[in-house]
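The listed protein sequences correspond, in order, to chains A and B.
Sequential numbering of the first sequence, starting at 0, is according to numbering that gives the first Met the number 0.
Sequential numbering of the second sequence, starting at 0, is according to numbering that gives the first Met the number 0.
Presented below is the structure to which this report refers.
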Amino acid sequence: MQDLVNWEKEWEEKTIQISKVSDTIYWNKRAKDYTNYIKTSDYNHGRKIRAIFENANILKPEFEVLDIAAGPGSVSIPFAEVVKKVTAIEPAKEMVENLLGNAEEKGIKNIEIINKKWEEVNDAEWEKKFDLVICSQASWQFPDIGEQLMRMNRVSRGYCSVVNGIKDDDEFAKIYKKLEINPESLDRFIYLFNILYQRNMLANVRMFEVVMRRSVDSALSMWELLLSKYREPTDKDKETIKKHVFSNSKGGLYQRKSKMAVMWWKAVD
Amino acid sequence: MQQLNWENLWEKIYEERGKIEYRDPGIEYWDKRAEDFSESRKTNDYEYGREVIKALHEIINSNSEVLDIGAGPGTFVIPFAKKVKKVTAVEPSKGMCEKIGKNAEEEGVRNFEIINKVWQEVDISKITGKYDLVICSIVLWIFKDVWEQLKRMEQSSRGYCCVVTGTGDWNGEEQKLWHKVMGDVKKPSYSEYPLIYNLLYSKGRFPNVDIIYYTSERSVENEIMHKKLFFEKYREVTSEIEQMIRDYVLTKAEGEKYREKGRAAVIWWNVQEKGEEIQ
C-alpha cells in the first residue's frame with residue numbers, strides 16, 4: 000500500500016537541485032549567521048533532542064555519539080555535555096572553526112572533529128563503532144537518502160536518529176512570495192518517515208517546538224545569502240528583507256517558533 | 000505524494016478485504032474469540048498493555064480519565080486502571096465484556112465502567128471533551144470511514160488521542176499458513192501502519208510514535224481455535240483444513256504453549272494542536 004509511492008525516487012529528484020546550490024561554499028558563508036542563531040537560541044533544538052533521548056531513557060554517560068554534518072555544534076555541544084565522546088563530521092571549514100570556538104567557550108574537550116563529507120567517510124572501517132548516530136537538519140544534502148540511512152545504520156551498535164523541521168510556517172511563505180522565490184517545498188520529515196519504514200527501520204517519532212532566536216544582523220545575512228542561491232540580491236530585495244526582519248524582531252532579536260521531529264530507531268543487522 | 004489521498008487508499012484496502020470474505024460472522028465472532036484473546040493479552044502480566052503505558056507515560060497520570068474503544072478482554076482496562084483515575088470501555092461483544100469483568104475481579108480493579116455498544120453508536124454529543132485520553136488498540140481496520148471515526152475520537156477528548164496499530168506480518172510466518180489453507184488467494188491486509196500515521200499527518204496533526212514489542216501466549220487449543228475462527232471468515236473450515244491448522248500450531252508450539260512475538264506502533268497526538276491540512 001505505501002509501496003504506491005516511491006518515496007526515495009521522489010526525494011532524489013527534488014534533492015539533486017537543492018544540494019547543488021547548498022554546497023560547502025554556501026555553508027562557509029552561512030557559518031557566521033548560523034552560529035549566531037545557534038548560540039543566541041542557546042542550542043535550543045540540540046538541547047530538546049537531548050531531553051527527548053534522556054526521557055526515553057536511551058542516553059548513557061558512556062555513549063560514543065556520531066554527529067553527521069555537525070555545523071557549529073547545534074547537537075554536538077549539548078550531547079558532549081552528557082556523553083563520553085562526540086565525533087563531529089563537518090565539511091565546511093568555517094563551520095569547523097565556529098564549532099571549535101563554541102566548544103572552547105563551553106569548556107568542552109570531548110568532541111573530535113572530522114573535516115569531511117559524510118559520503119567520504121569509509122563506513123566499513125567504522126562498523127558498529129557508535130552508540131548513537133545522529134543526523135540533524137542535514138538530510139537535504141543526500142539525494143541517495145536510503146543509502147545514507149543504511150550507512151548510518153551500519154556504523155551504529157545502538158541507535159540511529161534523524162531530525163528534521165516540519166513544514167514552513169506562513170511567515171516564511173509570505174517572504175518567499177514577496178521575494179518571488181520558490182524554495183524546495185519537499186516536506187522532508189514525512190519522506191524520511193516512510194523511507195525508514197520501507198527500509199524496515201521502524202522509527203519512534205517525537206514532535207517538539209523550537210524557538211529560533213538570532214540577532215537582526217544575523218537574520219539579514221541569512222535572508223540575503225538564501226536569496227543569493229537564486230539571484231544576486233538587488234537593493235529592492237534588500238529593502239524587502241529589512242522590512243520583514245524588522246517587523247519580526249523585538250529588542251534586537253529576530254524570533255521564530257517552529258516544529259521539528261526527531262526520529263530514532265534501534266540499529267538493525 | 001502530497002496529493003495522495005490516504006482516506007481513499009484506506010477504503011480501497013477495506014473493500015479488497017471484503018471481496019475475499021466468505022462470510023461476515025459479526026459481533027458473535029468476538030464472543031467466540033474472548034477466551035483465546037484474553038489469554039493472549041494477559042501474557043506476561045498484560046505486557047502488551049504495559050508497553051503501551053510506558054510509551055504514554057508523559058501524558059497519563061493518576062488523575063486521567065481514559066476512554067478505551069474496542070476494549071476486548073480488558074487489554075488496556077486492567078493495566079491502565081491501576082495507573083489512572085478511571086477507564087471507560089466501549090465494547091460491543093458480550094463475551095468480551097464478561098471477560099473484562101472477570102479479569103478485573105482477578106486483579107482487584109474497580110475503577111472502570113463498560114459501555115456495551117458499537118463505537119459508531121455512542122452518542123458523541125454526550126461525551127464531548129470528556130476524556131484526557133481516548134485510545135484504541137488494533138481496532139481501526141474495522142472502520143471503513145476511518146477518518147470519521149478518528150474525528151469522533153478527537154471530539155470526545157480534551158487532551159490526547161492514541162491509536163495502537165499492528166505493523167503488518169513482520170516475520171512472514173503468517174503468510175505460510177495462509178497460503179497452505181487458501182492457496183493462491185492473496186492474504187488480505189489488516190495493516191494499519193504506516194497508513195494511519197500518514198493520514199493523521201496529512202490532516203495537520205503532529206503524531207508521536209513508539210514502536211513496541213511484546214509476547215503473545217496461548218494454549219495450543221486456544222491457538223487452534225483462534226486460527227480456525229479466523230479462517231472461517233475466508234472459507235469453510237473442513238476437518239482437513241482443521242488438521243492443517245493443528246499440524247502448523249503443533250510444530251510451532253513449545254509444549255502446551257504457543258508463543259508469538261508481536262510488534263505494534265503506538266501513535267499519539269495532542270488534539271488541540273492542529274496545523275494546516277496538506278492538499
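Ideal Cβ placement from N, Cα and C applies to all residues, glycine included.
C-beta contact flag for residue i and residue j at 7 Å
i	j	result
alanine 266/A	cysteine 159/A	yes
serine 37/B	lysine 98/B	yes
valine 163/B	valine 51/B	yes
glutamine 140/A	serine 18/A	yes
proline 142/A	glutamate 11/A	yes
glutamate 64/B	lysine 84/B	yes
lysine 237/A	valine 20/A	no
glycine 157/A	aspartate 122/A	no
glutamate 272/B	phenylalanine 205/B	yes
leucine 66/B	serine 155/B	yes
valine 132/A	asparagine 114/A	no
aspartate 66/A	serine 220/A	no
glycine 128/B	methionine 95/B	no
glycine 91/B	valine 117/B	First, the amino acid is wrong: residue 91/B is proline here, not glycine. Closer than 7 Å, so yes.
phenylalanine 78/A	valine 64/A	yes
glycine 274/B	glycine 203/B	yes
asparagine 197/B	tryptophan 5/B	yes
Contact belief for residue i with residue j at Cβ below 8 Å, rounded distance in angstroms
i	j	result
tyrosine 192/B	glycine 171/B	The Cβ separation is near 17 Å, so there is no contact.
threonine 87/B	isoleucine 114/B	7 Å
phenylalanine 111/B	valine 76/B	5 Å
asparagine 109/A	lysine 84/A	5 Å
arginine 213/A	asparagine 35/A	5 Å
glutamine 174/B	lysine 185/B	Incorrect: roughly 10 Å between the Cβ atoms, too far for contact.
arginine 198/A	leucine 148/A	6 Å
Exposure of residue i, with buried meaning 16 or more beta-carbon neighbours within 10 Å
i	result
asparagine 54/A	exposed
threonine 14/A	buried
arginine 151/B	buried
tyrosine 212/B	exposed
valine 210/A	exposed
arginine 217/B	buried
tryptophan 263/A	buried
alanine 172/A	exposed
isoleucine 187/A	One point to set straight first is that residue 187/A is arginine, not isoleucine, in the sequence displayed. Answer is buried; the Cβ neighbour count reaches 16.
leucine 3/A	exposed
glutamate 120/B	exposed
arginine 32/B	buried
lysine 260/B	exposed
Assigned secondary structure, residue i (DSSP; H/G/I helix, E/B strand, else coil)
i	result
phenylalanine 263/B	Correcting the residue type first, residue 263/B is alanine in the shown sequence and not phenylalanine. Here alanine 263/B sits in strand by DSSP.
serine 155/A	strand
leucine 185/A	coil
valine 85/A	strand
arginine 198/A	coil
methionine 0/B	Note on methionine 0/B: pLDDT 48, under 50, position unreliable in the model; the coordinate value appears next. In this structure, methionine 0/B counts as coil in the three-state DSSP scheme.
glutamate 275/B	coil
isoleucine 17/A	helix
glutamate 104/B	helix
aspartate 131/B	strand
lysine 115/A	coil
tryptophan 263/A	strand
phenylalanine 129/A	strand
tyrosine 13/B	helix
phenylalanine 207/A	strand
glutamate 222/B	helix
glycine 71/B	coil
leucine 178/A	coil
Residue i CB to nearest heavy atom of the ligand MN below 6 Å
i	result
valine 163/B	Ligands are entirely absent from the displayed structure, and the ligand MN is therefore not among its contents.
Closest Cα partner of residue i within the set the options
i	options	result
aspartate 246/B	Tyr233/B, Val219/B and Gly261/B	Val219/B
valine 120/A	Glu103/A, Val20/A and Val154/A	Val154/A
glutamate 20/B	Met95/B, Met181/B and Glu253/B	Met181/B
alanine 263/B	Val208/B, Gln154/B, Gly25/B and Lys81/B	Val208/B
threonine 86/A	Phe62/A, Asn35/A and Asn101/A	Phe62/A
asparagine 60/B	Val236/B, Lys226/B, Val265/B and Lys81/B	Lys81/B
isoleucine 58/B	Tyr130/B, Glu15/B and Ala103/B	Tyr130/B
proline 71/A	Ala50/A, Gly106/A, Pro60/A and Lys38/A	Lys38/A
glutamate 222/B	Asn7/B, Asn4/B, Asp23/B and Glu34/B	Glu34/B
isoleucine 244/B	Lys256/B, Gly254/B, Phe229/B and Cys161/B	Phe229/B
asparagine 5/A	Phe192/A, Ser135/A and Pro182/A	Phe192/A
threonine 214/B	Asp67/B, Lys143/B, Tyr257/B and Glu6/B	Tyr257/B
histidine 44/A	Val74/A, Lys249/A and Ile88/A	Val74/A
serine 138/A	Leu99/A, Trp125/A, Leu185/A and Glu179/A	Leu185/A
isoleucine 174/A	Ala79/A, Asn97/A and Trp222/A	Trp222/A
glutamate 124/A	Met151/A, Ala102/A and Asp234/A	Met151/A
glutamate 27/B	Glu104/B, His178/B, Lys232/B and Tyr189/B	Lys232/B
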